[in-house]
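In my numbering, the protein residues as written are 2 to 80.
Cβ coordinates follow ideal geometry from the N, Cα and C atoms, glycine included.
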């Protein structure tokens with residue numbers, strides 16, 4: 002049976018250390034709550050944190066790619 006455990010994508014990235022900021026924590030918790038709502042059987046606290054951090058890591062990666070493409074003048078969509 003395949004391993005259904007969620008694993009972090011960017012364990013050494015700064016995304017893993019959330020700023021000690023009330024507003025940032027509220028946004029993180031809101032996103033985590035939303036993600037938990039997508040799983041009818043629920044997630045453990047650790048799984049919810051991993052899923053949230055993976056999503057944030059993916060969003061950060063996509064933003065970095067978009068910035069690099071914009072700076073390179075490569076704004077053609079991928080086919």
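- Judged by beta-carbon spacing, residue 57 lies beyond the 8 Å limit of residue 36, meaning their Cβ atoms are not closer than that value.
- Apart from sequence neighbours up to five positions away, the residues of its chain that approach residue 33 with a beta-carbon distance below 6 Å are 49, 53, ordered along the chain.
- Here the alpha carbon of residue 66 sits roughly 12 Å from the alpha carbon of residue 74.
- The straight-line gap separating the alpha-carbon atoms of residue 23 and residue 72 is approximately 33 Å.
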